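Residue numbers (this note's numbering): 8 to 110. From the three backbone atoms N, C-alpha and C, an ideal C-beta is built for every residue, glycine too. Here the structure is a predicted model, which is why all the values come from computation and not from measurement. Take a look at the structure set out below.
Shown next, in the form of structure tokens:
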């Protein structure tokens, strides 16, 4: 459970860092988030609050199974954030060079 809590903090920090870069651009920006289906409610709530505070940023979600999402990313689907429900699929995407471990 502790590792899942750390993971959620990591994902939230990653979203904030990516969105800070988008906000500074002063043009409408879209962030594409690939997230495990189990995170749907939490991420939609976060996105609603974030978009209300940052009207130039739109967050689009692709929710699904972590394995399916990892495969989509490795095969070239464009995404800004990946939130896996398990470390194995996160490692697949990191090993493919698509995610940096440090935000």
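Check	Outcome
Option nearest residue 47 by Cα separation, candidates 57, 38, 68	68
Reduced DSSP secondary structure (H/G/I, E/B, other) of residue 106	coil
Residue 34 - DSSP class collapsed to helix/strand/coil	coil
Those residues which DSSP pairs with residue 40 across a bridge	68, 88
Coarse secondary structure for residue 82, derived from DSSP in three states	coil
Presumed contact (8 angstroms Cβ cut-off) between residue 87 and residue 55, rounded CB distance	That pair is no contact at about 18 angstroms.
Cα-Cα separation, residue 51 to residue 81	24 angstroms
For residue 98 and residue 73, the rounded distance between their alpha carbons	11 angstroms
Rounded straight-line distance, which links the Cα of residue 107 to that of residue 94	14 angstroms
Beta carbon of residue 89 nearer than 8 angstroms to that of residue 41	yes
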